[in-house]
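Visitor: Protein chains in written order, with the working numbering: chain U, 1 to 210; chain C, 1001 to 1210.
In this text, a Cβ means the ideal position worked out from N, Cα and C, and glycines have one as well.
Below you'll find the structure I mean.
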């Protein structure tokens, strides 16, 4: 039946979610356009508030644009490190928090808060749902990429306004995420931050009732 | 190979994404706890900034809490309608924008911005990534629910602060989304807003390059 899914598919989906990781260790070889385009098609079926589809993507390709992006991250990361002390600082300094130098594909994903698409439906009380729509679309893209074997790393240690300016993004666009995409050097079901001893996942979801 | 996925699975995943909809028309019969718990397990493997896992869930069960939630939506929806004129207002008035009266499961999903989990990693420059982590987790839950045949409707036409207060949520929690979950009365691959003539999806994703 159309739109009906088997228990086997559900198991595979759960497996995909378990193997979806934030990847920072990439091989440098390129990603075929056909593979990448299959992943991009996940955006077309992503949920968006009022069907506003507010996602905007800039692919960061030129050497100069990449140098600026990497400098942005490295400045922010040094400042972030300075916010930790003692063992936490020592551990932070050892973490690899971006694969920007190796990843063949860099995507800056924005939200266009000035879009007239959807005529504002659903966003009058919670305008932040436009940004949330972009995040949901990234989540779909992330799973589609992982199903192809591609890794994705979401870099958030950066000055988002400077990034938008450096990329000459329109004034109404807000940076939601800077994504590195490429073939991972290794696959893990456990997050890198957990393997490095920074933090552990909570085994059980706590749900309150009212 | 572990963490490796077949072309057939990728096709089914794309199909799942196409059939994932924002559902507002639910049957009133209950959802088995076992089915719902399988869906909740998607939270455990969702991405979160610095492994902060900032999602917090309140299940809205009591008659009094539901009455308050529905009143919140209906007040906001009447105000939103007043923001449209002419044909758009007439069309808006005809739209069914929430299934709160029928859906057996109501979930208020929050972000805990005061969590010390993850020690702030990745969120110093972009603290909004904590809210984005909650959105990503909702996206995973949405797909898991749809794979079970369950519909999910995300209600954003409401006063989020009033909702948090009505539900007696801790002060540090911010409402991200109010979710209705249940068995849909019908399945569609086309969004309800598109079928109703409110808005159409954009067929092609436009990507700029720098």
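Quick one: Cα of residue 1033/C to Cα of residue 1122/C, how far?
Guide: 35 angstroms
Visitor: When the cut-off is 8 angstroms and only beta carbons count, does residue 1189/C lie next to chain U?
Guide: yes
Visitor: Suppose the cutoff is 8 angstroms on Cβ atoms and the five residues either side in sequence are ignored; what does the same chain contact list for residue 1135/C look like?
Guide: If we look at residue 1135/C and ignore the five residues flanking it on each side, its Cβ neighbours are 1176, 1177.
Visitor: Using beta carbons (cut-off 8 angstroms, strictly below), is residue 1020/C in contact with chain U?
Guide: yes
Visitor: By DSSP, does residue 205/U sit in helix, in strand, or in coil?
Guide: coil
Visitor: Just to confirm my understanding: we take residue 24/U, look at its own chain, exclude 5 residues before and 5 after, and list those with CB closer than 7 angstroms. What are they?
Guide: 96, 97, 98, 99, 153, 192
Visitor: In whole angstroms, give me the CA-to-CA distance for residue 27/U and residue 106/U.
Guide: Approximately 14 angstroms between the Cα atoms of the pair.
Visitor: Do the CB positions of residue 188/U and residue 21/U come within less than 8 angstroms of each other?
Guide: yes
Visitor: Run through chain U and tell me which residues come within less than 8 angstroms of residue 1198/C, C-beta to C-beta.
Guide: 50, 51, 118, 119, 121
Visitor: With 8 angstroms as the limit, tell me which residues of the segment 1121-1144 of chain C have their beta carbon closer than that to any beta carbon of chain U; keep them in chain order.
Guide: 1121, 1122, 1123, 1124, 1125, 1126, 1128, 1129, 1131, 1132, 1135, 1136, 1138, 1139, 1140, 1142, 1143, 1144
Visitor: Where does residue 72/U land, buried or exposed, given buried means 16+ other C-beta within 10 angstroms?
Guide: buried
Visitor: I believe residue 201/U touches residue 1089/C by the beta-carbon criterion, under 8 angstroms. Please report the beta-carbon distance rounded to the nearest angstrom.
Guide: In this structure, residue 201/U and residue 1089/C do not form a Cβ contact; the two beta carbons are roughly 47 angstroms apart against a cut-off of 8 angstroms.
Visitor: Between the alpha carbons of residue 91/U and residue 83/U, how many angstroms are there, rounded?
Guide: 13 angstroms
Visitor: Residues of the segment 1149-1164 of chain C with a CB closer than 8 angstroms to any CB of chain U: list them in chain order, please.
Guide: 1149, 1154, 1156, 1157, 1158, 1159, 1160
Visitor: Please name the residue or residues paired with residue 26/U in a DSSP beta bridge.
Guide: 184/U
Visitor: Under the three-state reduction of DSSP, which class applies to residue 1005/C: helix, strand or coil?
Guide: coil
Visitor: Give me the Cα-Cα distance between residue 144/U and residue 1080/C, rounded to the nearest whole angstrom.
Guide: CA-CA distance, residue 144/U to residue 1080/C, rounds to 35 angstroms.
Visitor: What first and last residue would you give for the alpha helix (DSSP H) that runs through residue 58/U?
Guide: Boundaries for residue 58/U: no alpha helix (DSSP H) harbours it, while the beta strand (DSSP E) harbouring it runs 55-59, taken from the DSSP string.
Visitor: Determine the burial state of residue 2/U: buried for a count of at least 16 other Cβ atoms within 10 Å of its Cβ, exposed for fewer.
Guide: exposed
Visitor: Any residues in the segment 22-46 of chain U with a beta carbon nearer than 8 angstroms to a beta carbon of chain C? Which ones, in chain order?
Guide: 22, 38, 40, 41, 42, 43, 44, 45, 46
Visitor: Return the residues of the segment 5-20 of chain U that lie within a Cβ-Cβ distance of less than 9 angstroms from chain C, sorted by chain order.
Guide: 5, 6, 9, 10, 12, 13, 14, 15, 16, 17, 18, 19, 20
Visitor: Could you list the residues in the segment 1093-1114 of chain C with a C-beta less than 9 angstroms from some C-beta on chain U, going in chain order?
Guide: 1095, 1097, 1107, 1108
Visitor: State the CB to CB distance for the pair residue 1150/C and residue 1183/C, rounded to an integer number of angstroms; the pair is presumed to be in contact (CB under 8 angstroms).
Guide: 7 angstroms
Visitor: Using the Cα positions of residue 1070/C and residue 1010/C, report the straight-line distance between them to the nearest angstrom.
Guide: 38 angstroms
Visitor: Going by other Cβ atoms of all chains shown within 10 Å of its Cβ, with 16 needed for buried, is residue 1064/C buried or exposed?
Guide: exposed
Visitor: Using the C-alpha atoms, what's the distance from residue 1198/C back to residue 18/U?
Guide: Those two C-alpha atoms are separated by around 37 angstroms.
Visitor: How should residue 1053/C be labelled, buried or exposed, when 16 other C-beta atoms within 10 angstroms of its C-beta is the threshold for buried?
Guide: buried
Visitor: For a quick check, are the C-beta atoms of residue 46/U and residue 140/U less than 8 angstroms apart?
Guide: yes
Visitor: Which of the residues in the segment 1060-1080 of chain C, read from start to end, lie with their CB under 7 angstroms from any CB of chain U?
Guide: 1060, 1061, 1062, 1065, 1076, 1080
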